[in-house]
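Undergrad: Residue 178 in the UniProt record's numbering sits at position 178 of the sequence shown, with consecutive numbering throughout.
Where a beta carbon is used, it is the ideal one built from N, C-alpha and C, also for glycine.
Predicted model only: the values in this text are computed from it and were never measured.
Just dropping this structure here.
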Amino acid sequence: MHFVYGLANGNARQARRIYNDRYPNRQVPYISTFIRIHQRLMETGSFARRTTDIPGRPRTTRTPALEEAVLNAIEHHPETSTRKIAADLHVSHKLVWTILREQQLYPYHIQRVQALLPRDFPQRLIFCRWMQQKIARNPQFVAEVLFTDEANFSRNAIVNFHNNHLWCDENPHAILESHFQVQFAFNVWVGIIGDFFIGSVFLPLRLNGASYLHFLEDELPLEDIPLMLRNRMWFMHDGAPPHFSLAVRQFFFLVTIFFFVIIFLICLR
(Lines of atoms letter the chains of each structure in order from A and count residues from 1; the text may use other names and numbers.)
(Lines give C-alpha, C1' and ligand atoms only; values in the text may rest on other atoms or scores of the structure.)
Protein backbone atom coordinates (compact mmCIF):
# COMPACT_ATOMS: atom_id res chain seq x y z
CA MET A 1 0.00 0.00 0.00
CA HIS A 2 2.81 2.40 0.88
CA PHE A 3 4.59 1.51 -2.37
CA VAL A 4 1.51 2.60 -4.31
CA TYR A 5 1.41 5.81 -2.29
CA GLY A 6 5.00 6.53 -3.31
CA LEU A 7 4.22 5.59 -6.90
CA ALA A 8 1.55 8.31 -6.86
CA ASN A 9 4.09 10.89 -5.56
CA GLY A 10 2.24 11.31 -2.29
CA ASN A 11 -1.19 11.94 -3.89
CA ALA A 12 -3.59 9.85 -1.81
CA ARG A 13 -6.44 10.06 -4.31
CA GLN A 14 -4.20 8.95 -7.17
CA ALA A 15 -2.80 6.17 -4.98
CA ARG A 16 -6.31 4.90 -4.29
CA ARG A 17 -7.04 4.73 -8.05
CA ILE A 18 -3.75 2.93 -8.77
CA TYR A 19 -4.41 0.47 -5.95
CA ASN A 20 -7.88 -0.25 -7.32
CA ASP A 21 -6.46 -0.87 -10.81
CA ARG A 22 -3.68 -3.16 -9.59
CA TYR A 23 -5.73 -5.11 -7.07
CA PRO A 24 -9.33 -5.15 -8.31
CA ASN A 25 -10.25 -8.09 -6.08
CA ARG A 26 -9.12 -6.42 -2.86
CA GLN A 27 -10.99 -3.95 -0.74
CA VAL A 28 -9.77 -0.48 -1.67
CA PRO A 29 -8.48 1.48 1.35
CA TYR A 30 -9.77 4.93 2.13
CA ILE A 31 -7.74 7.95 1.07
CA SER A 32 -6.99 8.71 4.69
CA THR A 33 -5.48 5.25 5.16
CA PHE A 34 -2.69 5.95 2.67
CA ILE A 35 -1.91 9.22 4.42
CA ARG A 36 -2.04 7.67 7.89
CA ILE A 37 0.36 4.81 7.21
CA HIS A 38 2.83 7.16 5.50
CA GLN A 39 2.65 9.59 8.40
CA ARG A 40 3.10 6.75 10.88
CA LEU A 41 6.16 5.48 9.00
CA MET A 42 7.68 8.97 8.92
CA GLU A 43 7.11 9.55 12.64
CA THR A 44 7.85 6.11 14.11
CA GLY A 45 9.79 4.24 11.39
CA SER A 46 7.23 1.45 11.54
CA PHE A 47 3.84 0.62 10.08
CA ALA A 48 2.69 -0.74 13.45
CA ARG A 49 0.45 1.35 15.63
CA ARG A 50 2.16 3.06 18.56
CA THR A 51 1.40 1.44 21.89
CA THR A 52 3.55 3.75 24.03
CA ASP A 53 3.89 7.47 24.15
CA ILE A 54 6.84 8.98 22.32
CA PRO A 55 8.93 11.52 24.28
CA GLY A 56 8.66 15.09 23.21
CA ARG A 57 5.86 17.56 22.63
CA PRO A 58 2.94 15.98 20.74
CA ARG A 59 1.52 17.61 17.63
CA THR A 60 -1.62 19.50 18.67
CA THR A 61 -2.54 21.28 15.42
CA ARG A 62 -1.70 19.39 12.28
CA THR A 63 -1.96 15.72 13.09
CA PRO A 64 -2.70 12.66 10.94
CA ALA A 65 -6.16 12.60 12.50
CA LEU A 66 -6.77 16.20 11.41
CA GLU A 67 -5.57 15.52 7.86
CA GLU A 68 -7.84 12.50 7.74
CA ALA A 69 -10.79 14.56 8.97
CA VAL A 70 -10.17 17.28 6.35
CA LEU A 71 -9.92 14.78 3.48
CA ASN A 72 -12.94 12.85 4.71
CA ALA A 73 -14.96 16.07 4.77
CA ILE A 74 -13.97 16.80 1.17
CA GLU A 75 -14.62 13.24 0.06
CA HIS A 76 -18.14 13.19 1.50
CA HIS A 77 -19.03 16.79 0.63
CA PRO A 78 -16.84 17.99 -2.28
CA GLU A 79 -18.98 21.13 -2.64
CA THR A 80 -18.15 22.38 0.86
CA SER A 81 -15.92 25.37 1.58
CA THR A 82 -12.58 25.45 3.34
CA ARG A 83 -13.92 27.96 5.86
CA LYS A 84 -16.73 25.62 6.86
CA ILE A 85 -14.29 22.74 7.31
CA ALA A 86 -12.02 24.98 9.39
CA ALA A 87 -14.95 26.07 11.55
CA ASP A 88 -16.18 22.49 12.04
CA LEU A 89 -12.70 21.21 12.98
CA HIS A 90 -11.73 24.32 15.01
CA VAL A 91 -8.55 24.95 13.02
CA SER A 92 -7.33 27.78 10.85
CA HIS A 93 -8.58 28.31 7.33
CA LYS A 94 -4.98 28.47 6.10
CA LEU A 95 -4.20 25.02 7.53
CA VAL A 96 -7.14 23.47 5.66
CA TRP A 97 -5.95 25.11 2.44
CA THR A 98 -2.43 23.74 2.99
CA ILE A 99 -3.65 20.17 3.47
CA LEU A 100 -5.81 20.30 0.36
CA ARG A 101 -3.09 21.83 -1.78
CA GLU A 102 -0.57 19.20 -0.71
CA GLN A 103 -3.01 16.57 -1.97
CA GLN A 104 -3.23 18.47 -5.28
CA LEU A 105 -6.91 19.26 -4.83
CA TYR A 106 -8.44 22.25 -6.60
CA PRO A 107 -11.89 23.90 -6.30
CA TYR A 108 -13.36 23.47 -9.79
CA HIS A 109 -16.36 25.66 -10.54
CA ILE A 110 -19.72 24.23 -11.53
CA GLN A 111 -21.02 25.13 -14.98
CA ARG A 112 -24.66 25.98 -15.65
CA VAL A 113 -26.04 24.31 -18.77
CA GLN A 114 -29.45 24.04 -20.38
CA ALA A 115 -31.53 21.11 -19.22
CA LEU A 116 -31.94 18.59 -22.06
CA LEU A 117 -34.37 15.78 -22.71
CA PRO A 118 -33.23 12.39 -24.07
CA ARG A 119 -34.67 13.23 -27.49
CA ASP A 120 -32.49 16.35 -27.73
CA PHE A 121 -29.13 14.57 -27.92
CA PRO A 122 -29.54 12.92 -31.38
CA GLN A 123 -30.67 16.23 -32.86
CA ARG A 124 -27.61 18.00 -31.51
CA LEU A 125 -25.35 15.27 -32.85
CA ILE A 126 -26.86 15.72 -36.32
CA PHE A 127 -26.32 19.47 -36.08
CA CYS A 128 -22.67 19.04 -35.05
CA ARG A 129 -21.97 16.75 -38.00
CA TRP A 130 -23.69 19.18 -40.37
CA MET A 131 -21.58 22.02 -38.96
CA GLN A 132 -18.38 20.02 -39.44
CA GLN A 133 -19.27 19.41 -43.09
CA LYS A 134 -19.91 23.12 -43.66
CA ILE A 135 -16.62 24.11 -42.06
CA ALA A 136 -14.76 21.51 -44.14
CA ARG A 137 -16.13 23.13 -47.30
CA ASN A 138 -15.77 26.71 -46.08
CA PRO A 139 -13.35 27.38 -43.17
CA GLN A 140 -14.98 30.83 -42.73
CA PHE A 141 -18.47 29.38 -42.35
CA VAL A 142 -18.72 30.06 -38.60
CA ALA A 143 -17.97 33.75 -39.21
CA GLU A 144 -20.99 33.88 -41.54
CA VAL A 145 -23.47 32.54 -39.01
CA LEU A 146 -25.61 34.96 -37.04
CA PHE A 147 -25.64 33.34 -33.62
CA THR A 148 -28.61 34.56 -31.60
CA ASP A 149 -29.94 34.06 -28.13
CA GLU A 150 -32.71 35.32 -25.90
CA ALA A 151 -32.45 35.66 -22.15
CA ASN A 152 -35.06 36.32 -19.53
CA PHE A 153 -34.08 38.42 -16.52
CA SER A 154 -35.84 38.76 -13.19
CA ARG A 155 -35.07 39.74 -9.64
CA ASN A 156 -34.91 36.11 -8.57
CA ALA A 157 -32.71 33.12 -9.46
CA ILE A 158 -29.49 35.13 -9.85
CA VAL A 159 -26.80 32.58 -8.94
CA ASN A 160 -23.20 33.49 -8.17
CA PHE A 161 -21.31 30.54 -9.66
CA HIS A 162 -18.01 31.86 -8.34
CA ASN A 163 -18.97 30.41 -4.95
CA ASN A 164 -20.03 27.03 -6.35
CA HIS A 165 -17.19 24.56 -6.71
CA LEU A 166 -16.12 20.97 -6.10
CA TRP A 167 -12.79 20.06 -4.54
CA CYS A 168 -11.13 17.39 -6.72
CA ASP A 169 -7.68 16.42 -7.94
CA GLU A 170 -8.95 16.51 -11.54
CA ASN A 171 -11.62 18.70 -13.13
CA PRO A 172 -14.87 16.67 -12.94
CA HIS A 173 -16.56 19.12 -15.38
CA ALA A 174 -19.50 19.33 -13.00
CA ILE A 175 -22.63 21.02 -14.26
CA LEU A 176 -25.78 22.40 -12.68
CA GLU A 177 -29.00 22.25 -14.64
CA SER A 178 -31.04 25.43 -14.30
CA HIS A 179 -34.79 25.51 -13.72
CA PHE A 180 -37.06 27.65 -15.83
CA GLN A 181 -39.07 30.41 -14.17
CA VAL A 182 -42.70 31.19 -14.95
CA GLN A 183 -42.62 34.97 -14.64
CA PHE A 184 -39.85 37.28 -15.82
CA ALA A 185 -39.18 40.99 -15.77
CA PHE A 186 -37.98 41.40 -19.39
CA ASN A 187 -36.81 39.41 -22.40
CA VAL A 188 -33.62 40.41 -24.28
CA TRP A 189 -32.42 39.30 -27.73
CA VAL A 190 -28.81 39.67 -28.94
CA GLY A 191 -26.86 38.37 -31.92
CA ILE A 192 -23.22 37.91 -32.91
CA ILE A 193 -21.87 37.40 -36.43
CA GLY A 194 -18.13 37.52 -37.04
CA ASP A 195 -16.82 40.57 -35.19
CA PHE A 196 -20.22 42.29 -35.09
CA PHE A 197 -22.49 42.48 -32.05
CA ILE A 198 -26.17 43.04 -32.82
CA GLY A 199 -28.67 44.29 -30.29
CA SER A 200 -29.76 44.42 -27.60
CA VAL A 201 -33.46 44.20 -28.49
CA PHE A 202 -36.20 43.91 -25.89
CA LEU A 203 -38.89 41.43 -26.88
CA PRO A 204 -42.31 40.77 -25.35
CA LEU A 205 -42.30 38.70 -22.19
CA ARG A 206 -44.51 36.09 -23.81
CA LEU A 207 -43.02 35.66 -27.25
CA ASN A 208 -45.14 33.97 -29.92
CA GLY A 209 -44.91 33.48 -33.66
CA ALA A 210 -46.62 36.77 -34.52
CA SER A 211 -44.50 38.92 -32.21
CA TYR A 212 -41.30 37.20 -33.32
CA LEU A 213 -42.23 37.71 -36.99
CA HIS A 214 -42.78 41.41 -36.24
CA PHE A 215 -39.28 41.52 -34.75
CA LEU A 216 -37.74 39.91 -37.87
CA GLU A 217 -39.57 42.19 -40.29
CA ASP A 218 -39.40 45.53 -38.50
CA GLU A 219 -36.91 45.49 -35.60
CA LEU A 220 -33.98 43.23 -36.51
CA PRO A 221 -31.01 45.67 -36.50
CA LEU A 222 -28.76 44.66 -39.41
CA GLU A 223 -27.81 48.16 -40.61
CA ASP A 224 -24.22 47.89 -39.36
CA ILE A 225 -23.59 44.51 -41.04
CA PRO A 226 -21.79 44.80 -44.42
CA LEU A 227 -24.06 43.94 -47.36
CA MET A 228 -21.65 41.28 -48.63
CA LEU A 229 -21.74 39.54 -45.27
CA ARG A 230 -25.54 39.83 -45.05
CA ASN A 231 -25.82 38.11 -48.44
CA ARG A 232 -23.89 35.08 -47.10
CA MET A 233 -25.42 35.15 -43.64
CA TRP A 234 -26.96 32.09 -42.00
CA PHE A 235 -29.54 32.90 -39.34
CA MET A 236 -29.33 30.57 -36.34
CA HIS A 237 -32.46 29.41 -34.53
CA ASP A 238 -32.55 27.26 -31.43
CA GLY A 239 -35.88 25.54 -32.14
CA ALA A 240 -38.09 27.49 -29.73
CA PRO A 241 -41.81 27.35 -30.68
CA PRO A 242 -41.93 31.01 -31.90
CA HIS A 243 -38.89 30.37 -34.11
CA PHE A 244 -40.56 27.37 -35.71
CA SER A 245 -43.99 28.87 -36.30
CA LEU A 246 -45.49 28.67 -39.79
CA ALA A 247 -45.37 32.43 -40.35
CA VAL A 248 -41.67 32.61 -39.43
CA ARG A 249 -40.78 29.67 -41.68
CA GLN A 250 -42.65 31.26 -44.57
CA PHE A 251 -40.81 34.53 -43.95
CA PHE A 252 -37.39 32.90 -44.21
CA PHE A 253 -38.50 30.89 -47.25
CA LEU A 254 -39.52 34.10 -49.07
CA VAL A 255 -36.29 35.83 -48.02
CA THR A 256 -34.28 32.91 -49.43
CA ILE A 257 -36.22 32.92 -52.71
CA PHE A 258 -35.77 36.71 -53.01
CA PHE A 259 -32.04 36.37 -52.42
CA PHE A 260 -31.61 33.77 -55.16
CA VAL A 261 -33.68 35.86 -57.58
CA ILE A 262 -31.43 38.87 -56.95
CA ILE A 263 -28.32 36.74 -57.51
CA PHE A 264 -29.83 35.36 -60.73
CA LEU A 265 -30.61 38.86 -62.06
CA ILE A 266 -27.11 40.06 -61.23
CA CYS A 267 -25.60 37.13 -63.12
CA LEU A 268 -27.71 37.96 -66.18
CA ARG A 269 -26.26 41.43 -66.47
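Does the distance from the C-beta atom of A185 to that of F153 stay below 7 angstroms?
TA: yes
Undergrad: With a threshold of 6 angstroms on Cβ separation, who are the neighbours of A15 within its own chain once the five nearest residues in sequence on each side are excluded?
TA: If we look at A15 and ignore the five residues flanking it on each side, its Cβ neighbours are V4, Y5, A8 and F34.
Undergrad: Between the beta-carbon of A174 and the beta-carbon of I110, is there less than 7 angstroms?
TA: In this structure, I110 lies closer than 7 angstroms to A174 by Cβ.
Undergrad: Tell me whether E219 sits in a helix, a strand or coil according to DSSP, three-state version.
TA: Looking at E219 - three-state DSSP - the assignment turns out to be helix.
Undergrad: Quick check on DSSP: helix, strand or coil for Q104?
TA: coil
Undergrad: How about N11 and Y108: do their beta carbons lie closer than 7 angstroms?
TA: no
Undergrad: Which partner residues does G63 have in the DSSP bridge list?
TA: Per the sequence presented here, residue 63 reads as Thr, with Gly not at that position. Bridge partners of T63: none, in fact.
Undergrad: Could you tell me if D234 is buried or exposed, where buried requires 16 or more neighbouring beta carbons within 10 angstroms of its beta carbon?
TA: Per the sequence shown, the amino acid found at residue 234 is Trp instead of Asp. Under this definition W234 is an exposed residue.
Undergrad: Using CA atoms only, rank isn't needed, just tell me which of H243, D238, Q103 and F251 is closest to Q123.
TA: D238
Undergrad: How would you write the range of the alpha helix (DSSP H) that A151 sits in, first residue to last?
TA: Where A151 is concerned, there is no enclosing alpha helix (DSSP H), although the beta strand (DSSP E) it sits in stretches over V145 to F153.
Undergrad: Please go through the same chain and pick out, in chain order, the residues whose beta-carbon is closer than 7 angstroms to the beta-carbon of I31, but skip the five residues on each side of it.
TA: A12, R13, R16, L71 and E75
Undergrad: Compute the Euclidean distance between the alpha carbons of A87 and I37, then round it to the nearest angstrom.
TA: So the alpha carbons of these two residues sit roughly 27 angstroms apart.
Undergrad: Whole angstroms is fine: what's the gap from L89's alpha carbon to H243's?
TA: 55 angstroms
Undergrad: Helix, strand or coil: which one does DSSP assign to N9?
TA: Coil.
Undergrad: Should Y212 be labelled buried (16 or more other beta-carbon atoms within 10 Å of its own) or exposed?
TA: Its Cβ being crowded by 16 or more others within 10 Å, Y212 is buried.
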